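Following: one structure in structure tokens, then a few remarks.
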Amino acid sequence: MAELKVYNSLTRQKEVFSPITPGHVGMYVCGPTVYSDVHLGNCRTFISFDIIYRYLKYLGYKVRYVRNITDAGHLEGDRDEGDDKFSKKARLEALEPMEIVQKYTLGFHKVMELFNNLPPTIEPTATGHISEQIEMVKHILNNGYAYVVDGTVYFDVEKYNNEKPYGILTNRKLEDLLEGTRDLSGQDEKKGRLDFALWIKAKPEHLMQWPSPWGMGFPGWHIECSAMSEKYLGKQFDIHGGGMDLAATHHTNEIAQSQACYNVSPANYWIHTNMLTVNGARMSKSAGNGFLPGQLFTGDHPLLEKAYSPMTVRFFMLQTHYRSTLDFSNEALQAAEKGLKRLWEAYENLGSLQSQASALRTNAANAETDNRCRELIADFDISMSDDFNTARVLANMFELVPLINSFKGGQIPLNSISRPTFELLQKQFTTYLLDVFGLKDDKTADTGRLDSVLQLLIQIRKEARSRKDFATSDKIRNELQQQGILLKDEKDGNVSWNII
Ligand code: AMP
Ligand code: ZN
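As structure tokens, then:
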């Protein structure tokens, strides 16, 4: 088995992965902020870590995968300024903050399930760990790296930086960071411009607040991940991950907090995923260019030419390495749809070749084909062990597809390869497709049958429309919608359907 190499953002190089406890991996990934729906960009990050989790398991590691839910303490703006987003949303939707949390947590879980992401082994919430966060803030204060101003506790970045490099994760000096920092309101309270809040004094109208040694308040965002990762993975653990946008502030502050509290850097390997972009701009909640996964699955968005299934979107993401940017486009998604279909066909062909395979010999009739086949398969593990290169594995799979199809079509005799090679091919093709990449066939027997029935209804609707019998055509559309099936008229005159 190839040794696993991981690109570590902390050292800016690929390193051989060596966990603290042999055979076990502790991995913490920053989870969603549940005051609104996750967009497709967020999903890219969670899918990337799902692949990493799946591959670690495939390698035989026992993985404790912790992904938190941020359900408190997220303020408007980058640096602990302005309104709490949960309270704001609760007021807007006339709900309790915890109803907001529940609604968007359930929505998030549903999306993760649709993308076939495995659940983390622990999913702690910030509101469920207030006392742990308070303890950690107390500890940092006792160690002299924080100060209290009128019920708010700030981390003293400059004092910390005198002893340890604050900008270690992004390789930036404090002077450069200070230069790039704007003067923000509320600045007067802080000693230094980069200081950040560990605990925030709550205004009386603030909906979620807890008692603390500094009065009623709520935790800062960064402290939640430090407290929960320590609780479930220990002061030092193997992998910490999240999107690249978290490195400069959130993760930088997490490292400072753990160092100030326990005098250790929390994670040995920092893994950051690159951003999903739309026309070159980062997809984000604030930019308003974030598709919701639901909109993709129904095609209901002005930028979408049609609906795309969750597996098409997952596959689209796997075709690009997690550290490269990925730009959203209809063309790329449509190409992914075709590519994935070809993979499933090859997978089915492999299955149907099984009966012939039992007659294969242990020697291949064509050593060259047999060797090529083995090389391509062996490269699956080599590519994944080279910093999880899903794109290269897929390229190899696509080299195998015409070969498999030719075996099936009879253009190349199956006995060109040996029985062990066929067995390896089938095992690895299946394992990678289903277990490592977490793809599942959208067209199961049931959906296939449903599709036939729907095609019939679509045809009847078309005929009704051409007779100008809109009562019938609307009835078909509306009643299907009531059953949770959405028909979409495409620009090319075709009609697609999706389950909503
Ligand atoms: P948030 O809920 O905004 O804290 O984001 C949850 C996760 O999604 C974090 O790890 C972010 O870094 C990540 N993320 C946010 N925007 C994008 C994007 N456009 N592409 C990939 N990941 C993203
Ligand atoms: Zn975090």
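Using our numbering, you'd call the opening residue of the sequence shown number 11 and step up by one each time. Glycine residues also receive a C-beta, built at the ideal position from the N, C-alpha and C atoms. Predicted model, so just to flag it, every value in this text is computed and none were measured.
Distance cut-off 7 Å: residue i Cβ against heavy atoms of the ligand AMP
i: Asp255; result: yes
i: Leu286; result: yes
i: Thr55; result: yes
i: Arg324; result: no
i: Ser393; result: no
i: Cys40; result: yes
i: Asn52; result: yes
i: Arg292; result: yes
i: Thr180; result: no
i: Thr43; result: yes
i: Thr135; result: no
i: Thr400; result: no
i: Thr31; result: no
i: Thr283; result: yes
Integer Cβ distance of residue i from residue j, believed to fall under 8 Å
i: Ile79; j: Thr115; result: 6 Å
i: Thr180; j: Ala258; result: 5 Å
i: Met394; j: Cys271; result: Not a contact, Cβ separation roughly 35 Å.
i: Phe165; j: Gln267; result: 7 Å
i: Phe390; j: Tyr442; result: 6 Å
i: Arg64; j: Val323; result: That belief does not hold up - the Cβ atoms of Arg64 and Val323 are roughly 17 Å apart, past 8 Å.
i: Ser428; j: Asn373; result: 6 Å
i: Pro320; j: Leu124; result: 4 Å
i: Asp397; j: Val35; result: Contact flag wrong, Cβ pair sits at about 15 Å.
i: Met285; j: Ile57; result: About 13 Å; that fails the 8 Å criterion.
Beta-carbon gap between residue i and residue j smaller than 8 Å
i: Ile486; j: Leu460; result: no
i: Gln246; j: Ile30; result: yes
i: Cys40; j: Val121; result: no
i: Ser448; j: Asn172; result: Residue identity differs from the one stated: residue 448 is Gly in this sequence, not Ser. Contact flag unset, no.
i: Leu350; j: Leu386; result: no
i: Ile61; j: Thr335; result: no
i: Pro303; j: Ala375; result: no
i: Ser483; j: Ala474; result: yes
i: Gln436; j: Leu353; result: no
i: Thr135; j: Arg74; result: no
i: His232; j: Met254; result: no
i: Gly177; j: Lys183; result: yes
i: Asn18; j: Trp280; result: yes
i: Lys316; j: Leu363; result: no
i: Gly244; j: Phe59; result: no
i: Phe206; j: Asn152; result: no
i: Met581; j: Ile265; result: The first residue shown for the chain is 11 and the last is 510, placing residue 581 beyond what the model contains.
i: Gly202; j: Val163; result: no
i: Leu413; j: Cys383; result: yes
i: Phe96; j: Pro107; result: yes
i: Tyr157; j: Tyr170; result: no
i: Trp507; j: Leu444; result: no
i: Thr137; j: Ala100; result: no
i: Val111; j: Val26; result: no
i: Glu355; j: Tyr318; result: no
Check: residue i C-beta below 7 Å from any heavy atom of the ligand ZN
i: Gly252; result: yes
i: His260; result: yes
i: Cys271; result: no
i: Cys235; result: yes
Worksheet item: Should the region 64 to 79 be regarded as contacting the region 233 to 245, the criterion being three or more beta carbon pairs within less than 8 Å?
Response: yes
Checklist entry - With contact counted as at least three CB pairs below 8 Å, one residue from each stretch, are the region 205 to 212 and the region 220 to 229 in contact? => result yes
Identify every run of the alpha helix (DSSP H) within the region 276 to 349, keeping only runs that are complete inside it and at least 4 residues long; order them along the chain. 303 to 308 and 320 to 328
Open item on the list: Within 8 Å, do at least three Cβ pairs link the region 299 to 316 to the region 496 to 509?
Closed with: yes
- the region 467 to 477 in contact with the region 417 to 433 per 3-pair CB rule at 8 Å: no
When you compare the region 365 to 372 with the region 41 to 48, are there three or more beta-carbon pairs, one atom per stretch, that lie closer than 8 Å?
no
Worksheet item: Which ranges does the beta strand (DSSP E) cover as unbroken runs of at least 3 residues, wholly within the region 69 to 125, from first to last along the chain?
Response: 72 to 77
Start-end ranges of the alpha helix (DSSP H) lying completely within the region 423 to 480, minimum 4 residues:
429 to 440 and 455 to 476
Restricting to runs no shorter than 4 residues, where is the alpha helix (DSSP H) found entirely within the region 217 to 249? 231 to 243
Worksheet entry | Residue ranges of each alpha helix (DSSP H) within the region 171 to 201, 4 or longer | 184 to 189
TODO: Taking only runs that begin and end inside the region 347 to 385, name each unbroken alpha helix (DSSP H) of 4 or more residues, in chain order.
DONE: 364 to 367
- Task: Please list the segments of the alpha helix (DSSP H) lying wholly inside the region 41 to 69, counting only runs of 4 or more residues, in order along the chain.
- Result: 50 to 68
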